[in-house]
Every structure is written in structure tokens, then in C-alpha cells.
Amino acid sequence: MSEALARRAEPGAREGLRVDIQGMRALAVGLVIAAHAGASRFAGGYVGVDVFFVISGFLITQVLIKRTGVVDFYARRARRILPAAAFTLFGTLVAARAMLGALEIRTLNMDVVWASLFGANIRYAYLGADYFHADDAPSAVQHFWSLAVEEQFYLAWPLIVGLALVGGIVRGRRRLVLVSVTVIAVSLAWSVHATTTSPETAYFSTFTRAWELAVGALLASMPTSVWARLSHVVRELFAWLGLAMIAAAAMVYTPATSFPGYAALLPVAGAALIVASGTGTQATTTLTRLIWRWRPLQRAGDWSYSLYLIHWPVLVLPALAAGEDLRGWHLLLALLLIVAFSGLSFRFVERPFREASLWRTRRAVLLYPASVLPLLLLVTWSAHSVNQALSESGDVPAISTTNFGAEPGSVEFPADPRLALLKASVLAARNHVAIPSDLTPDLVSLENDVAGVGECDYSEEVFNKLCPHGDPAADRTLVLYGDSHARMWIPAVDEIARDLGYRAYFLVKPHCTGSLVQPVIGGTRMPYVECQRFHEWFLDQVEELDPELTLVTTSSPQGSAGVIIDGRWINSHDGVLAEVEAGFDRLFAALADREAPAVLLRDVPRIKERPSECLARKGTDLGACSSAPQAFAEQLADVSVNSATRSGVPIIDPRPWICFDGTCPMVVGSMVAYRDVDHLTVTYVAELVGELQRALSERGLGSPRLAR
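Take the numbering used here: the final residue in the sequence shown is number 713, and no numbers are missing along the way.
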């Protein structure tokens, strides 16, 4: 995790180690594990990472002020950080090979490469910003993002400290104070801005976290005279207030809290106060005497680096393999394994490399290539074997009306061949038939199975152009409107528009519901202003284009995301439902005012799990990869239907094309129907052209009834 996590006194110097900082390490890693284990009382336990950042900045800067050379500094970092990190990555990938499916291992291979090169935060920031990957299951090495942040920060910091100290320690400390304050101000300002505008990337960014490390650096840089002036009473106040601030953040914050931004000030300031309370004095605070000195806490502080590294894969790998979070005795067993493995890692990996004379010289820098090379070799072998496994088609046939896990002729099927195949696929799932070998799209391509939008990609913040599709020379116009759930219908709508002679425009913006509500930026309570602008722009375009038909299809904000009503964030079940329905009322009224006849294509059902995870899981079958529609998503879709009914807007319900008798299969025949939990694949949508065209024709598309 960090120097703060890894730092241990040299042999014979244990008494020089600050007991309070060891206790803080134990507290921080305990909060992180509690949050990741699902302890609702400590849902904000992720702030333990911020505590580590402060400690790390403090200890590292103390070391650098003692005029440690740059090579010596990186040698020290190497022997303290790399062995345990490499051991964890190696063990995680080996364990994953035994527990996960080929597709999950394929992704993990890339994650391990990024983690081994201290770039995990860059990878996860990119994936978080990618709408179509934002809901991916967490990686078993995702927690390496914080180690990457620190190592990126320490690429520059030793050089900055070295330059500042030129001319003497006294002046050097003053320069470091100024540099630290500057880094804090700039990085904190950027953190606040980025957390509001791009929360998906802000959480993992070195630039939004640098100020937390700089706070620790500031404490280490301050002249000793500052600490000499602190009275015992002030130190006591600092210690207890700091602990209260960290505890408050851990207990009040949730995963929905906009973080880091302003929210990170609470745990960072708390950690800084505790560090300050014990700096520059031999006296100990009451907090240290009563709590920090407790032997189990000190031992946990010793093991904190290994505890941090090991806890996440031990919690995540079994959950990925089972398709659900660990609970009950499974969770208890995982926690016991975390403690056991961490103790072994500390005893047989961390300590030998820290204390062995072989590595107590500059040659320790060789640990960088020595740790990365075996990992890259393992990843190369793993990638080759995974690609080989994915390329083997096997011999499990596609589902059909004669191959569904029961005797042919024992079931009566609909006359419509597509509905018959859907029913056969549901029956195959209920009979736990094996997954067909030749899936379309294949699991490797599934994540990229997204409908194209050409040059008009309104997911960007700028939307000022129109791109005609369908039959660009046609006199009649059709508009498809909504979010990514409208985008997935583009292949079918485009073909229908060409066949019937319509010029089509796809006014779709991912993550921006078509209901005229004020949504929030994902993961925050901040209004999604660009979505509101898109709503206004869409209505302006409808007025100018004067379409014969506006096809509306969209998802709606989930309750956990919420909406803004009169400046207030609302995420209650009933509150979101009511506001979304009112937003559809406003939408259909606005379209009526602009004389833009509308048809509502009801949103598709949401399933419980991503097909890329379920279908690739070892030992799974079609039964495990089917589900009933998820209840809240159905209620959100129903409110659009209610509004359309009141407004006299025709409704098309696609559920009979996707689900049968309350079950939605991931695989229909040999086609993967869902790209993720709530988007259909391009492949399956293309198969529904006939159904959609018939439904639209029944509601007047192409007939005089809609032509003006």
C-alpha cells in the first residue's frame, strides 16, 4: 500500500517507532476491511486509504529530509513495497485461474499488468469513465490503485525535496512548507472540481489525491519550534478530535458520498491532527496510552501492508466465482483467511526482504525488474492459455425447439418461429442445459457489442450537429430519442427507416434519461447539467426537424442515483418514481406542443447479472444465467407507460420478444441477448427488426395517419 503501511523499525530500533502511527495504521486498514466486507456501520471505511496517504507523506518526507539520496530512497521503497505486492499479484492470478472463468481471467491478466507497473489507478479511472464499462464487476486487484497513486507521487517528490534542501535544512524546511502548501491548494482545488465534473475518474486520480500526501509532507516539513510550542492540552485535543473526525467519516459517509472532493477534508484533517499530536515530543497522549498501545493494534499495524494487499482478493475472488457477495460463515472464513495469509506474508515475505543484508544496499533497486518480470511471464502464459480456451468452440449445440432439455414434441410452441425459439431457450434454462459452444456475439467481443452513432456521439459535452441515417434522401423524418437504451435500438430503427423511406436521426445520450427530470452525475448528488442541456437541445431539434414520428425509449434513474427536485437531492423509492413519471408527462406534453407524434417503446427488463460474468463462469449453465426482471427497473418502466397512456401516446412493449413466462434468458438459441444487465446486444436487436417494424406499422409508421 505505501511506505506508511510498509514501514517497520530496523532491527534493534523498535523503540524508535511511533506507537500512535502504528495504531493509526491498524485503524485505517481495519476500516477499509470493514467497509469492503459489507459492514454497514462503517460504509465509509474507505477513508482509511486517506489516513494512509497522510501517514505516508509524513514518514516519507521525514526520511527525505535526512538527506537520503534518490537511489537510496528508491532502494528503500523497493525492499519495503515490492516483494509483498508481487507476491499478492502472483497469488491472486494463480487463485483466479482455479476459481474464475476464462473471460474474467482475461480481464484480470490486464489488471495485473497495470498493477505491476504502478498504473492501476489510470486503468480504473479510464474504465470508470467509460459508460459501457462503469458497472463492471470489481477487479481482484483494484485496490492497487492507491499504491499506484503513491508511487506516481513519489516519482517527483524526492527530487522536489532534494532541490528544496539545497542551502541547508532550516531554509530547506521553509521551502518545503511553501511547496507543500502550494501542492495542497492546487490539488485540493482540482479534487473539488473533478469530483463534481468527473467523479468516475476523480476517485483514482493522483492529481486529486496528491494534496493528501502533501498534508503529511507539510507536517514533516514544519520547523521543530512549531511542535515545541504545542502544550499537552492542545496535543490531547488534537489526538481525540482527530480520532473523532476519522470515525465520523467512516460511519457517516457511504459509497454514494461525493469523494474525494470536500468530503476528504474530514478524514485527512483527522489523520493530520493525530500525527501532529505526537510530533516533536517524547510524551504520549492519553489516546496512545489507552488505545494505540494495545498489543493487537500494534500487531495489526505491523501487518497492515499485508492486510491491505491480501484482504481484497480474498473477499472478491470467491464472490466473483459464486456470483454473489460473501455472507455468514463464508464471510467469517474469508476474514480468518485474510488474517492468516497476512501473517504469513509479513513473516515470510515482508520481513526477510526488509531485514536481509543482501537487500540493505542500493542493489535493492533491482527488485523493480525482478518483481515485474515473473509477473509478466505469468500473465503471458495465462493470456495464451485463456485465448486457447476461448478459441475452442466445443460441441454443445444451440438451443432449438428440438433441443431444449426435454423430449421433442412434449411441449407446444408458438407458430411464430422467433417466439418459439424464445420459449425453447427459457425451457432450456429451466432444465439447466449446458451453454452452447458457439455464442454470437462471442464472449470476447461481447463488451464491445455497442451500436455505432457515427460522428454524432452525444456522450460528449458538445452536441451541435445532426447526422442523417436511414434513407438520407427521404422526405419523411424519424427521430429516435433517449439514453443508451435508445442507442441499443439503432440497428433495428436504422434498417426500418431505410426500408420504409425515412430519414432518421438518433438523438441519444448515454446516462441521460429521456424523462425530463434533473438527474445527477453518477456517484454524486450534483446535477447533471449536460443532460439538462441535451433535453433542451433535443426539443429544439424536434421543432426544426418536424418529424413524422418521435420514437422514445429510455431507462430512468435508479433509486440509488436519485434526482434533483427544487435543488434537493431525492433518492427515495416513491420520490424517484413520482418525479420520473412527472418528467415523462412533461416530455409527452412538449412533443404534443411541437406536433411531433410520439410512440413509446417501453424499456427492456433488467436482469440480475452481466452475461460476460455469468456465461464465462466455471461450472455454470443456462439456468444460472437467466433471471426474472428486476422489480424496481420494472416499476420505473411502468411509470413511462402510465404517462404515455394518460397522454394518448401509443406504446410498444418489447418484453414478449425478450422474456417468456417471467424469465429472461441470457442466451436465445445461440445468440447472447443481453450485453450487460440492461442493454440488448446489437446482434439480438438486429433479430428483432421484424417485430419492431410490425409494431410500428400497427401504430401508423409509414401510413397517412402520421404523415402531415
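Every residue gets a Cβ at the ideal spot worked out from N, C-alpha and C, and that includes glycine.
Beta-carbon gap between residue i and residue j smaller than 8 Å
{"i": "L605", "j": "V547", "result": "no"}
{"i": "A629", "j": "D608", "result": "no"}
{"i": "L322", "j": "A100", "result": "yes"}
{"i": "L278", "j": "L312", "result": "no"}
{"i": "D55", "j": "V197", "result": "no"}
{"i": "S199", "j": "T213", "result": "What sits at residue 199 in the sequence shown is Ala, not Ser. Yes, the pair counts as a contact, with Cβ atoms nearer than the cut-off."}
{"i": "T290", "j": "G283", "result": "yes"}
{"i": "G527", "j": "A566", "result": "yes"}
{"i": "T686", "j": "A678", "result": "yes"}
{"i": "K470", "j": "D488", "result": "no"}
{"i": "V391", "j": "I440", "result": "no"}
{"i": "R84", "j": "A369", "result": "yes"}
{"i": "F58", "j": "A222", "result": "no"}
{"i": "V568", "j": "Q523", "result": "yes"}
{"i": "L163", "j": "V52", "result": "According to the sequence displayed, residue 163 carries Pro and not Leu. No; because the gap between Cβ atoms is not below 8 Å, this pair is not in contact."}
{"i": "A48", "j": "P260", "result": "yes"}
Whole-Å CB distance - residue i paired with residue j, under 8 Å assumed
{"i": "S263", "j": "R530", "result": "6 Å"}
{"i": "A601", "j": "T559", "result": "The Cβ separation is near 16 Å, so there is no contact."}
{"i": "R680", "j": "D454", "result": "5 Å"}
{"i": "P265", "j": "A219", "result": "Not really, about 13 Å apart at Cβ, beyond 8 Å."}
{"i": "L152", "j": "A90", "result": "7 Å"}
Other residues of its chain near residue i: CB distance less than 7 Å, five sequence neighbours each side excluded
{"i": "A281", "result": "L224 and F243"}
{"i": "F593", "result": "A603, S648, A649, S652 and V654"}
{"i": "V644", "result": "L582, V585, E586 and F589"}
{"i": "G306", "result": "Q27, G28, R30 and A31"}
{"i": "A42", "result": "L320, L336 and L340"}
{"i": "Q537", "result": "Q523"}
{"i": "A666", "result": "This sequence places Asp at residue 666; Ala is not what is there. Result list for D666: V431, in chain order."}
{"i": "M493", "result": "A456, H684, L685 and V690"}
For residue i, three-class secondary structure by DSSP
{"i": "H148", "result": "helix"}
{"i": "M227", "result": "coil"}
{"i": "I70", "result": "helix"}
{"i": "Q640", "result": "helix"}
{"i": "M29", "result": "helix"}
{"i": "T407", "result": "coil"}
{"i": "C461", "result": "coil"}
{"i": "C669", "result": "strand"}
{"i": "F511", "result": "strand"}
{"i": "A394", "result": "helix"}
{"i": "I526", "result": "coil"}
{"i": "V188", "result": "helix"}
{"i": "M104", "result": "helix"}
{"i": "W662", "result": "helix"}
{"i": "A207", "result": "helix"}
{"i": "G275", "result": "helix"}
{"i": "V238", "result": "helix"}
{"i": "P532", "result": "strand"}
{"i": "M493", "result": "coil"}
{"i": "Y258", "result": "coil"}
{"i": "S577", "result": "coil"}
{"i": "H437", "result": "coil"}
{"i": "T555", "result": "strand"}
{"i": "G487", "result": "strand"}
{"i": "H474", "result": "strand"}
{"i": "A288", "result": "coil"}
{"i": "T686", "result": "coil"}
{"i": "V175", "result": "helix"}
{"i": "R503", "result": "helix"}
Own chain partners of residue i with C-beta closer than 8 Å, once the 5 adjacent residues on each side are dropped
{"i": "L94", "result": "V117, A120, S121, V146, F149 and L380"}
{"i": "A411", "result": "L432 and N436"}
{"i": "E614", "result": "G328, C630, S632 and V682"}
{"i": "E241", "result": "S282, T290, T291 and L292"}
Same chain only: Cβ atoms within 6 Å of residue i, ignoring 5 sequence neighbours per side
{"i": "Q698", "result": "I501"}
{"i": "G459", "result": "C472"}
Rounded C-alpha distance that separates residue i from residue j
{"i": "S675", "j": "S192", "result": "51 Å"}
{"i": "L132", "j": "S450", "result": "17 Å"}
{"i": "F511", "j": "C472", "result": "8 Å"}
{"i": "Y136", "j": "E465", "result": "Only weak support is given to the placement of Y136: the predicted model assigns it a pLDDT of 47, under 50, and the value that follows is read from those uncertain coordinates. Each residue's alpha carbon lies about 11 Å from the other."}
{"i": "F353", "j": "G172", "result": "43 Å"}
{"i": "P318", "j": "T482", "result": "53 Å"}
{"i": "S144", "j": "L113", "result": "7 Å"}
{"i": "A233", "j": "V175", "result": "16 Å"}
{"i": "V384", "j": "Y373", "result": "17 Å"}
Any C-beta of chain D under 8 Å from that of residue i
{"i": "Y129", "result": "Here chain D cannot be found, since the structure has a single protein chain."}
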